[in-house]
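In order, the protein sequences belong to chains Z and P.
Residue numbers for the first sequence follow this note's numbering, beginning at 780 and rising by one.
Residue numbers for the second sequence follow this note's numbering, beginning at 658 and rising by one.
Where a beta carbon is used, it is the ideal one built from N, C-alpha and C, also for glycine.
Read the structure below first, then the notes.
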Amino acid sequence: NEFSIVIHGGAGFMKEDNFSPEKQKAYKKKLEEAIRVGYTILKDGGSSLDAVEKTINILEDSPLFNAGKGAVFTNEGTNEHDASIMDGKTLNAGASAGTKTVKNPINLARAIMEKSPHVMLAREGAETFAEDQGLTIVDPEYFFTEKRMKALERTKASENKKVTALYDATLKASKFG
Amino acid sequence: TVGCAALDKHGNLAAGTSTGGMTNKRWGRIGDSPIIGAGTYANNNTCAVSSTGWGEYFIRGMVAYDISALMAYKNLSLKEAAHEVIQNKLPSIDEGQGNGGIIAVDKNGNIAMEFNTSGMFRATMNDKGELYIGIFK
């Protein structure tokens with residue numbers, strides 16, 4: 780292949796029986812929209828870094844996936860994002876951790892890689908750097924989704940049931956990214 | 658978690674991963690997604706990888722780099738290396754708890770989508786415009 784692209788939107792113990800056709804269609808539609816963005820960049824001779832960043836942006840902006848807009852909640856009821864990117868040509872890399880206000884964390888990871896002498900920045904410092912680089916900053920409320928809040932409430936309720944994590948499906952599933 | 662790996666017309670590989678982490682996380686917990694070598698790795702001599710799964714195990718397994726290393730040092734194909742790490746190495750770390758998967762592309766544009774769970778949201782496209790989308794195993 781002259782070029783190619785592959786994406787994921789998370790792995791887990793999803794079962795076809797629990798996924799309505801409408802839900803499957805929604806996920807597949809968004810996956811196709813995302814990968815076509817990257818495909819077009821590559822087809823037009825663009826860089827793999829651009830393809831990766833712009834493709835991930837589509838997934839980050841969707842509430843369907845646990846990243847960006849669709850991020851899960853922490854114990855404190857906040858959303859904290861992590862991201863990283865790596866360039867196979869130079870072995871240069873960038874990563875951010877624990878940010879709460881950066882709309883597209885993959886953009887921050889790339890900015891860290893290309894515009895700082897560091898590999899990883901975290902939390903408030905990373906947010907300050909993102910602001911300095913002119914990246915889009917949002918109110919933490921932007922990341923609120925009803926579905927993820929209910930998931931947090933279910934997880935906390937399971938914790939209080941004194942059932943061991945090993946045998947509790949909700950708690951076990953909550954470990955997955 | 659979401660991720661992407663790509664090979665461009667200039668022969669350059671890249672990979673990226675972005676995540677909200679795990680529900681109910683505390684104490685500033687960080688998983689594998691921002692850890693280079695665990696959640697993300699790219700090397701033009703081997704492959705580009707993005708991981709998704711139970712971060713603590715993917716960090717201990719240095720999953721993304723391990724796939725690249727098996728290709729570099731053992732001359733395994735991308736599919737062989739990904740299978741070895743996800744199906745054989747990860748579950749053995751701690752009695753089958755290393756659940757998740759990876760997507761990857763090698764320097765020749767070959768693709769791997771390996772996971773040891775019942776599903777992974779995934780899609781691929783090649784230079785012929787052929788599209789594949791999958792959710793379940």
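Taking 8 Å as the cut-off, decide whether the C-beta atoms of residue i and residue j are in contact.
i, j, result
"Val742 of chain P", "Ile724 of chain P", "yes"
"Ala790 of chain Z", "Thr774 of chain P", "yes"
"Thr709 of chain P", "His897 of chain Z", "no"
"Leu887 of chain Z", "Ala850 of chain Z", "no"
"Ala930 of chain Z", "Thr680 of chain P", "yes"
"Ala873 of chain Z", "Asp665 of chain P", "A small correction: the amino acid at residue 873 of chain Z is Gly; Ala does not occupy that position in the sequence shown. No, these two residues do not count as a Cβ contact at 8 Å."
"Glu958 of chain Z", "Arg889 of chain Z", "Outside the displayed range of chain Z (780 to 956) lies residue 958 of chain Z, so it cannot be described from this structure."
"Ala672 of chain P", "Ala705 of chain P", "yes"
"Asp866 of chain Z", "Met892 of chain Z", "yes"
"Thr915 of chain Z", "Lys882 of chain Z", "yes"
"Asp763 of chain P", "Phe782 of chain Z", "no"
"Tyr839 of chain Z", "Ser707 of chain P", "According to the sequence as given, residue 839 of chain Z is Glu; it is not Tyr. No, these two residues do not count as a Cβ contact at 8 Å."
"Ala813 of chain Z", "Thr834 of chain Z", "yes"
"Gly622 of chain P", "Gly678 of chain P", "Past the edges of chain P, shown from 658 to 794, lies residue 622 of chain P, and the structure says nothing about it."
"Gly758 of chain P", "Phe772 of chain P", "yes"
Starting from residue i, follow its DSSP beta bridges and name the residues at the other end.
i, result
"Asn783 of chain P", "Z:Ser783"
"Gly668 of chain P", "Paired residue(s): none; Gly668 of chain P is not in a bridge."
"Val706 of chain P", "P:Tyr698 and P:Ala761"
"His860 of chain Z", "Z:Thr878"
"Ala769 of chain P", "P:Ala761"
"Thr676 of chain P", "Z:Asp861"
"Val659 of chain P", "P:Ser675"
"Ala790 of chain Z", "P:Met777"
Note the first and the last residue of the continuous alpha helix (DSSP H) segment covering residue i.
i, result
"His740 of chain P", "Leu735 to His740"
"Leu821 of chain Z", "Pro800 to Lys822"
"Thr697 of chain P", "Per DSSP, Thr697 of chain P belongs to no alpha helix (DSSP H); it is in the beta strand (DSSP E), Thr697 to Ala699."
"Leu838 of chain Z", "Ser827 to Glu839"
"Ala726 of chain P", "Val720 to Lys731"
Determine, for residue i, whether the minimum Cβ-Cβ distance to residues of chain P falls below 8 Å.
i, result
"Ser895 of chain Z", "no"
"Asp840 of chain Z", "no"
"Phe955 of chain Z", "Unreliable placement is indicated for Phe955 of chain Z, whose pLDDT of 46 sits below 50; the coordinate value is still reported in the next sentence. It does: the Cβ of Phe955 of chain Z has a partner Cβ on chain P nearer than 8 Å."
"Glu920 of chain Z", "no"
"Thr907 of chain Z", "no"
"Val881 of chain Z", "no"
"Asp866 of chain Z", "yes"
"Glu903 of chain Z", "no"
"Glu832 of chain Z", "yes"
"Lys935 of chain Z", "yes"
"Pro800 of chain Z", "no"
"Thr915 of chain Z", "no"
"Asp796 of chain Z", "no"
Does residue i come within less than 8 Å of chain Z when only Cβ atoms are used?
i, result
"Ser734 of chain P", "no"
"Gly766 of chain P", "yes"
"Arg779 of chain P", "yes"
"Met728 of chain P", "no"
"Leu664 of chain P", "yes"
"Ala699 of chain P", "yes"
"Asp784 of chain P", "yes"
"Val720 of chain P", "no"
"Pro748 of chain P", "no"
"Gly755 of chain P", "no"
"Ala705 of chain P", "yes"
Please confirm if residue i has its CB atom under 8 Å from at least one CB of chain B.
i, result
"Val742 of chain P", "Chain labels in this structure do not include chain B; the protein chains are Z and P."
Output needed for residue i: all residues of its chain with C-beta closer than 6 Å, excluding positions within five of it in sequence on either side, in chain order.
i, result
"Arg927 of chain Z", "Val851 and Phe852"
"Ala729 of chain P", "Thr703"
"Leu788 of chain P", "Met782"
"Ala909 of chain Z", "Val881 and Leu887"
Which residue comes first and which comes last in the beta strand (DSSP E) that contains residue i?
i, result
"Ala892 of chain Z", "First, the residue type needs correcting, since residue 892 of chain Z is Met and not Ala in the sequence shown. No beta strand (DSSP E) holds Met892 of chain Z; the alpha helix (DSSP H) holding it covers Pro884 to Lys894."
"Leu796 of chain P", "Nothing can be reported for residue 796 of chain P, as the shown portion of chain P is limited to 658 through 794."
Skipping 5 residues on each side, what residues in its chain have a beta carbon closer than 8 Å to that of residue i?
i, result
"Gln754 of chain P", "Trp711, Tyr714 and Pro748"
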